[in-house]
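Heads up: the sequence shown runs through residues 99 to 498, numbered per this note's numbering. Cβ atoms here follow ideal geometry from the backbone N, Cα and C, with glycine treated the same way.
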Amino acid sequence: MPWHICNKSGPSGPICSTKSEATIMLNLLDPDTKPTLLVVDDTPENLSLLSALLSPHYRVKVAISGQRALEILSAGTRVDLILLDVVMPQMDGYQVMQALQEMPQAREIPVIFLTAKVEESAEAHGLALGAVDYIHKPITPAIVLARVRNHLELKAARDLLHDQNAFLEQEVERRTRENELIQNITIHSLASLAETRDNETGNHILRTQHYVRLLAETLCEHPRFRAELTPKTIDLLFKSAPLHDIGKVGVPDRILLKPGKLDADEFAQMKHHSILGKEAIVHAEEALGVEVEFLRLAKEIACYHHEKWDGTGYPYGLIGDEIPLSARLMALADVYDALISKRCYKAAMSHQEVVPIILAGRGNHFDPDITDAFARIHQQFHEIALRYNDDKGERESNRD
99 MPWHICNKSG PSGPICSTKS EATIMLNLLD PDTKPTLLVV DDTPENLSLL SALLSPHYRV
159 KVAISGQRAL EILSAGTRVD LILLDVVMPQ MDGYQVMQAL QEMPQAREIP VIFLTAKVEE
219 SAEAHGLALG AVDYIHKPIT PAIVLARVRN HLELKAARDL LHDQNAFLEQ EVERRTRENE
279 LIQNITIHSL ASLAETRDNE TGNHILRTQH YVRLLAETLC EHPRFRAELT PKTIDLLFKS
339 APLHDIGKVG VPDRILLKPG KLDADEFAQM KHHSILGKEA IVHAEEALGV EVEFLRLAKE
399 IACYHHEKWD GTGYPYGLIG DEIPLSARLM ALADVYDALI SKRCYKAAMS HQEVVPIILA
459 GRGNHFDPDI TDAFARIHQQ FHEIALRYND DKGERESNRD
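Right, here's the structure in full:
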C-alpha cells in the first residue's frame, strides 16, 4: 500500500516507498529513553501518517496548529526535535520558528520544515530563521526517518558536548577555588610567621587588609586612580596585603624585639626588611616560573610601603607618584595600625589620638589624596580596628 501525505489543496500523489521500507531504520536507543518528537501540521491526515511512521521509534506528540505547538512547549514538555509544516493558517511555520527563537526552553530544539514548496527562496528563508533541514512533500518515509535520526544524533552529540563543557567549567571553578584557598592559607601562614616574630598578631594582617581595601574602594572613582583601582585590582590588593612585612623573617630577634629605640646600625638592618621581602617574593615567582599578578602587587607593597611622599622614606627615597599606588595605600594603613596597636616599644594610642597624626602626614608622609580619603572614612577605620582587635581589653580601651 503506497503512502500519501496531504498538501493544503488536497492529497498528494503516491510517494515512492512502502510502509515496509520505513522499518529499515533501526531504533538504536533504549526504549525507555526514546527521544520525543513534536509534529506540527494543520492537516489531521498528515499528523496521523507521520505519527504512524515515527511512533515505533520515538515518542510522538502532535499539534494541529502553530499556536498549539507553542502551548505544548510553554508547558515545559520535553521535545528533542520538531517537524514543522510551513503553510498553516493564522500562524505559519516561519512565524512559529520566530516564536521558538524567543523561548529559552525551545530555541535549541532542532526544527525540520515540512513543505510542498519547492522554491529555493522559501527554503533559504526557513534555514535563515534557524531550521536545520527541509523535507519536501510528498515525503519518503525512509528519508524522513534517516534525517530525523541524523539530526537527533547531532543534537545528542551537541548536548553531550555542552554537558562536558559545563562539567569542565565546574571542575575548573572548583579547582580554582581550591587553589585560591591553598594560596590564601599559605599567604596568611607566611605573613603570620613574620608578624609573630615581633609580637604582632594575625589580626594586624586582617586589619591592614581591610584598611587597604576600604581606601581603594573609596578612591576607585577618583580621577587619579580610576584606571588603576578596578574591582579586580582591589581584590588583588586585599589578597597581597598580608605579605607587606614578610621581610621581617630576615631581621634578627634582638632588633625586632628590642623594647627601646634602635641605634643607627640596628635601624639600618630593620630598614633592610623591605628589600628582603621583595627578594623573597621574587624567589617565589622564579620558582613558579610564571608571572602572578597578585605577587607583582605584593612585591610593590613589601618593598615600598615605607617610602614617604616627600622622599624621606626607605629603602630608595622615592618621591610622590614614583611610589607605587599599592605601597602608598599600605603606607597609611600600616602606620595607622601601628599607632593604635600595642608594641614592645610603645603603648597603644586611641583612634582619636591617631587621626590628627595621620592627617598631619598629608603631603609629607602620605599621598595627599589618600590622606583626604582617610579623613572622610576614618570612622570606618576605627570600626575595622574594633572588629579585628587583639583582645577584649584593648577593644574597650580603644573605644572613644
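Looking only at its chain, what residues have a beta carbon closer than 8 Å to the beta carbon of residue i, apart from the 5 residues adjacent to it on each side?
i, result
"Asp467", "Leu317, His320, Arg322, Phe323"
"Ile332", "Arg311, Ala314, Glu315, Cys318"
"Pro142", "Ile162"
"Val184", "Asp190, Gly191, Tyr192, Phe211, Leu212, Thr213, Lys215, Ala220, Gly224"
"Lys490", "Residue placement at Lys490 is poorly supported in this model, since its pLDDT is 43, which falls under 50; the coordinates are not used for a value here."
"Leu360", "Ile353, Met368"
"Glu481", "none"
"Gly461", "Trp407, Asp408, Thr469"
"Glu326", "Leu423"
"Gln165", "Gln188, Met189"
Is residue i helix, strand or coil by DSSP?
i, result
"Tyr232", "strand"
"Val216", "coil"
"Leu327", "coil"
"Leu355", "coil"
"Asp333", "helix"
"Asp183", "strand"
"Ile210", "strand"
"Arg245", "helix"
"Val138", "strand"
"Lys406", "coil"
"Lys346", "helix"
"Arg426", "helix"
"Arg441", "strand"
"Arg322", "coil"
"Arg460", "strand"
"Pro239", "helix"
"Ala255", "helix"
"Asp361", "coil"
"Pro340", "helix"
"Gly224", "helix"
"Tyr412", "coil"
"Ser153", "coil"
"Asp307", "Strictly speaking, residue 307 in this sequence is Gln, with Asp absent from that position. Helix, per DSSP."
"Gln188", "coil"
Looking at the secondary structure, which residues open and close the alpha helix (DSSP H) in which residue i lies?
i, result
"Thr131", "Where Thr131 is concerned, there is no enclosing alpha helix (DSSP H), given that its DSSP letter is neither H nor E."
"Arg394", "391-402"
"Arg176", "Arg176 -> no alpha helix (DSSP H), and no H or E assigned at all."
"Ile62", "This structure does not reach residue 62, given that the chain is present from 99 up to 498, and the question cannot be answered."
"Glu420", "Here Glu420 belongs to no alpha helix (DSSP H), and DSSP marks it neither H nor E."
"Arg166", "164-172"
"Ala197", "191-199"
"Arg485", "466-485"
"Ser448", "That residue, Ser448, is in no alpha helix (DSSP H); it is neither H nor E in DSSP."
Here's a check: name, in chain order, each residue in its chain whose Cβ is nearer than 6 Å to the Cβ of residue i, leaving out the five neighbours to either side.
i, result
"Leu374", "Gly345, Gly348"
"Gly224", "Phe211"
"Lys117", "Low local confidence applies: a pLDDT of 37 at Lys117 is under 50, so the model's placement there is unreliable, with the coordinate-based value given in what follows. Within the same chain, Lys117 has no close Cβ partners at all."
"Ser439", "Ala446"
"Gly411", "His404, Glu405"
"Ala436", "none"
"Leu127", "Because Leu127 carries a pLDDT of 43, less than 50, the predicted location of this residue cannot be relied on, and the following value inherits that uncertainty. Excluding sequence neighbours, Leu127 sits near nothing in its chain."
"Tyr232", "Phe211, Glu221"
"Glu383", "Leu393"
What are the boundary residues of the beta strand (DSSP E) that includes residue i?
i, result
"Arg157", "157-161"
Who are the near neighbours of residue i in its chain, counting only those whose CB is closer than 7 Å to its CB and skipping five residues on each side?
i, result
"Ser163", "Asp140, Met186, Gln188, Met189"
"Arg305", "Asp435, Ile482, Ala483, Tyr486"
"Gly459", "Thr469"
"Val158", "Leu135, Val137, Ser149, Leu152"
If contacts are defined as beta-carbon pairs under 8 Å, then residue i and residue j qualify, I think. What distance do you get, rounded to the angstrom?
i, j, result
"Ala429", "Phe479", "Contact flag wrong, Cβ pair sits at about 14 Å."
"Ile379", "Ala396", "5 Å"
"Asp343", "His371", "7 Å"
"Gln203", "Gly228", "Actually they do not touch by this definition, with Cβ atoms about 15 Å apart."
"Val160", "Leu145", "5 Å"
"Leu136", "Ile170", "6 Å"
"Ala425", "Ile399", "5 Å"
"Pro357", "Tyr443", "5 Å"
> Okay, do the region 195-206 and the region 141-154 touch, 3+ Cβ pairs below 8 Å being the bar?
Replying inline: no
>> Assess contact between the region 382-392 and the region 418-436, defined as three or more Cβ pairs (one per stretch) separated by less than 8 Å. Is contact present?
In response: no
>> Does the structure place the region 448-462 close enough to the region 472-486 that three or more beta carbon pairs sit under 8 Å?
In response: yes
> Are the region 238-257 and the region 203-222 in contact at 8 Å, needing three or more beta carbon pairs?
Replying inline: yes
>> Whether or not the region 248-262 and the region 171-182 are in contact is what I'm after, with contact meaning three or more pairs of Cβ atoms, one per stretch, closer than 8 Å; do they touch?
In response: yes
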